[in-house]
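Accompanying notes for the structure given below.
2 protein chains.
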Amino acid sequence: MSVTAAKGFEASGVAAGIRYARADVALVRSTAPAVGGAMFTRNRVQAACLQLNRAHLEAAEPQAVVVNSGVANAATGTTGFANAADTAAHTAQLLGLATEEILVLSTGVIGMQLPMDRLLPGVASAVGALSADGGRAAAEAIMTTDTVAKQTAVTGDGFTVGGMAKGAGMIHPDLATMLAVLTTDYPLASGEATGLLRPAVDETFNAISIDGDCSTNDMVILLANGASGVVRSEASDAAFAAALQQACADLSRQIVADGEGATVLAEITVAGAADAAQAKAIARRIATSPLVKTALFGHDANWGRVLMAAGSAPWNGGYADVDADRATLRYNGTVVLENGLPTEVEPDVSGPSCAIDLDLGLGDGSATYLTSDLSVDYVRINGEYRS
Amino acid sequence: MSVTAAKGFEASGVAAGIRYARADVALVRSTAPAVGGAMFTRNRVQAACLQLNRAHLEAAEPQAVVVNSGVANAATGTTGFANAADTAAHTAQLLGLATEEILVLSTGVIGMQLPMDRLLPGVASAVGALSADGGRAAAEAIMTTDTVAKQTAVTGDGFTVGGMAKGAGMIHPDLATMLAVLTTDYPLASGEATGLLRPAVDETFNAISIDGDCSTNDMVILLANGASGVVRSEASDAAFAAALQQACADLSRQIVADGEGATVLAEITVAGAADAAQAKAIARRIATSPLVKTALFGHDANWGRVLMAAGSAPWNGGYADVDADRATLRYNGTVVLENGLPTEVEPDVSGPSCAIDLDLGLGDGSATYLTSDLSVDYVRINGEYRS
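Here it is, written out as structure tokens:
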């Protein structure tokens, strides 16, 4: 159940004292020649390491990923870019790889420079600590306000997809969420990884929200080294695509369940929308509404707020199609609104998870979004110290 | 300083026991024949009373406005529409007016039917209590989670614009914010009121956000009865437009300052954007970011979150133009980021208001947005009971 679950991968996590008094540098590398791909945040402000990684992915196949937590190295100008490049060069030298074969990830406070005097020795320690059992240590080293490490492993016929992720806050991915590293021993050709990531990410990492804030550092990486020895077929390719999506879904659900201050995990399903894109826009709007999310925290089936949010989902410069008189809404299977009329039945929302199903009765577009509640602790975590 | 400040207006506020143990029905009427206009929320889910008001405004000039708090009469189907129509008919009969001359407003819980057996007697009491001194009582009767009544009066050369509003939550207006009633004794011709409201509302009610949630009931109404006897000129028309905007600005600032749980009032200014529309999109995104708003609550100048939000402002299906390397950011006048490089100077953000000025260095588009912090009390107010 880790980023080293697939054959031919090693990892480590060590404490470098960047910002926290715990492990804060992680390293993942393939011991056999790998191919890889990645997806990046669409935020117009992008961390220095993402700019570097784009260049590296164009020049070479990635063989190792080095990650630090504590400092995001975003909004740090030319100094930040030089620091990301130095981190890659130092890691490459220690591993006997080319600089372009290293991807660099950072997560933490935006607008602060990396303490290179502590980070570079940390990288050296991480190289020394690499092992096939190091997956958990790596997953723990990339945590910020996470309370648990997020790991996955999905086994197919003769191959495995492993992975780790970090989440907790500034989670509203648009393309990918910061810090998911997926590894597989399934054989992929050069250039295939990103194309395989895209549909898996779209249905998983791109359909979750904790606070509606899209990070500057979001990135999902897939490394594939073929160490399983599987001979590819159409059937095995389909099985791999399914395993990859399952691994992404597993990690993204773990991210939402461990959202900053989260006490309730909600699955928002919108059906009967004019089309699938409008369904997703409406599900996203419901999943990011502070009033819907505070009601989840209060275990209050205050469903009028779901209608309010549905009616104001940005779409084509206006709002997506909703006709309240045709809407049917269920909380945990109990109908609270039927074809626009309140049923005056109180659903049971006392548990730690909540299914909200909105059928708009307009067309056949549907979408699902995962979200967490907005709790007093979310505000405390983000208001009472600099996370 | 109230909705009865202009000549020829009466108001009242009485307790009808709709949902709260306090005044919850308000009435405003012009004693001289008035003309009027209104702006409505663009939310696709609209309260029954808004649907009724559109029809009434097409058929007649409004002479009186009846308001209830406690129940929003939104997502209530045909029953809700019939209840709104009955409220108007009852009010009209008691005032000796035509039903179409009455506008009806409701605010409170969505998805609950109005208790007509209590509302209609309340309307009768409100008619009996009408007086030229009733402005404050009316402003108090329209409050929900508001902690103070919002009133204004702006005096021009021989005329007055008065008004009242309610705010507190579900405040992210798009066209108008629920419950602002403006009155003036300036003479307007039939059909002029809405056209005069639009630019005033756009710069005021449409540039504030408390929680990013756009209500189903937002509506701004202007009644003008000409009782000042002012003879119109180009100069007086300009003075009236300015007074109207000032009254709207005064009420919208009061709404943000009294936002649910608000402890900090922030003015977000974006300059140097590619154009004014992108500036407004970026300012709105910053003003609605939970991470920016929790940092305001914590009096933490965690400016990286402002950059993160600026970089992910929805625009034309993507994000608005931002180049972090050209951005300069100030907190209360102190530069924290200059042309993309952190200055490492800590600004003073200990006070109850905060000015955040972001210059993107791209063009000459600018915009300002008012917002409040996201506090522990906001979550408590919206999570711990049904507001």
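As they're listed, the protein sequences go chains A and B. Numbering-wise (the working numbering), the first sequence opens with residue 32 and increments by one. Numbering-wise (the working numbering), the second sequence opens with residue 32 and increments by one. Glycine included, C-beta positions come from ideal geometry on N, C-alpha and C. Computed from a prediction, not measured in an experiment: that's the story for all the values here.
Pick from the options that is closest to residue i, judged by C-alpha positions
i, options, result
"L227(A)", "T183(A), K197(A), A273(A), G189(A)", "A273(A)"
"N370(B)", "A65(A), G142(A), T122(A), A120(A)", "G142(A)"
"Q124(B)", "V154(B), A103(B), L136(B)", "V154(B)"
"R357(B)", "S384(B), A46(B), A302(B)", "A302(B)"
"S264(B)", "G189(B), T399(B), M250(B), A78(B)", "G189(B)"
"E223(A)", "T215(A), G68(A), A351(A)", "G68(A)"
"A184(B)", "G257(B), A52(B), L282(B), A307(B)", "L282(B)"
"N256(A)", "V295(A), T214(A), G290(A)", "T214(A)"
Residue i to residue j span [Cα, whole Å]
i, j, result
"P218(A)", "Q309(B)", "45 Å"
"T225(B)", "L275(B)", "12 Å"
"G292(A)", "V410(B)", "12 Å"
"N333(B)", "F236(A)", "26 Å"
"R315(A)", "G101(B)", "28 Å"
"T374(B)", "P230(B)", "39 Å"
"M147(B)", "A278(A)", "55 Å"
"L134(B)", "N248(A)", "50 Å"
"I286(A)", "R73(A)", "19 Å"
"A36(A)", "T191(A)", "7 Å"
"P321(A)", "D354(B)", "29 Å"
"L253(B)", "D233(B)", "15 Å"
"G394(B)", "V66(A)", "42 Å"
"L405(A)", "S259(A)", "43 Å"
"A95(B)", "L210(B)", "14 Å"
"A270(B)", "S381(A)", "56 Å"
"Y362(A)", "A90(A)", "50 Å"
"T300(A)", "A318(A)", "10 Å"
"A12(B)", "F71(A)", "Only positions 32 to 418 of chain B appear in the structure, and residue 12(B) is not among them; the question remains open."
"G187(A)", "V337(A)", "39 Å"
"V97(B)", "T122(B)", "8 Å"
"P383(A)", "L372(A)", "28 Å"
"P93(B)", "A106(A)", "54 Å"
"A160(A)", "E132(A)", "20 Å"
"M250(B)", "S397(A)", "32 Å"
"T178(A)", "D379(B)", "32 Å"
"A78(B)", "L389(B)", "37 Å"
"V76(B)", "G111(B)", "13 Å"
"D408(B)", "E415(A)", "14 Å"
"V212(B)", "V367(A)", "33 Å"
Distance between beta carbons of residue j and residue i, contact taken as under 8 Å
i, j, result
"K197(B)", "T138(B)", "6 Å"
"E298(A)", "A172(A)", "That belief does not hold up - the Cβ atoms of E298(A) and A172(A) are roughly 30 Å apart, past 8 Å."
"G392(A)", "T359(A)", "7 Å"
"V323(A)", "G194(A)", "So it is not a contact: roughly 30 Å between Cβ atoms."
Any C-beta of chain A under 8 Å from that of residue i
i, result
"A207(B)", "With a pLDDT of only 35 at A207(B), under the threshold of 50, the placement of this residue in the model should not be trusted; the figure read from the coordinates follows. No, A207(B) does not count as interfacial toward chain A."
"A73(B)", "Here residue 73(B) is Arg; the residue named in the question, Ala, does not match the sequence. R73(B) counts as touching chain A."
"D506(B)", "Summary: the structure shown does not reach residue 506(B), with chain B confined to residues 32 through 418, and so no result is reported for it."
"N114(B)", "no"
"N237(B)", "no"
"N413(B)", "yes"
"S343(B)", "yes"
"M339(B)", "yes"
"G108(B)", "yes"
"R336(B)", "yes"
"P383(B)", "no"
"V410(B)", "yes"
"G101(B)", "no"
Short CB-CB distance (under 8 Å) between residue i and chain B
i, result
"A105(A)", "yes"
"V140(A)", "yes"
"F328(A)", "yes"
"L405(A)", "yes"
"T325(A)", "yes"
"P204(A)", "Here P204(A) scores only 47 on pLDDT, less than 50, and its place in the model should not be relied on; the value that follows carries that caveat. So no, P204(A) is outside the interface."
"Y350(A)", "yes"
"V353(A)", "yes"
"T247(A)", "yes"
"D356(A)", "yes"
"R368(A)", "Reading off the sequence, residue 368(A) comes out as Leu, not Arg. It does: the Cβ of L368(A) has a partner Cβ on chain B nearer than 8 Å."
Residue i at chain D interface by Cβ criterion, 8 Å
i, result
"P218(B)", "The chain inventory of the structure shown lacks chain D, comprising the protein chains A and B."
When you compare the stretch 46-58 of chain B with the stretch 81-94 of chain B, are there three or more beta-carbon pairs, one atom per stretch, that lie closer than 8 Å? no
Any chance the stretch 334-351 of chain A sits against the stretch 145-164 of chain B, with 3 or more Cβ pairs inside 8 Å? Touching, no, given that fewer than three Cβ pairs across the two stretches are closer than 8 Å.
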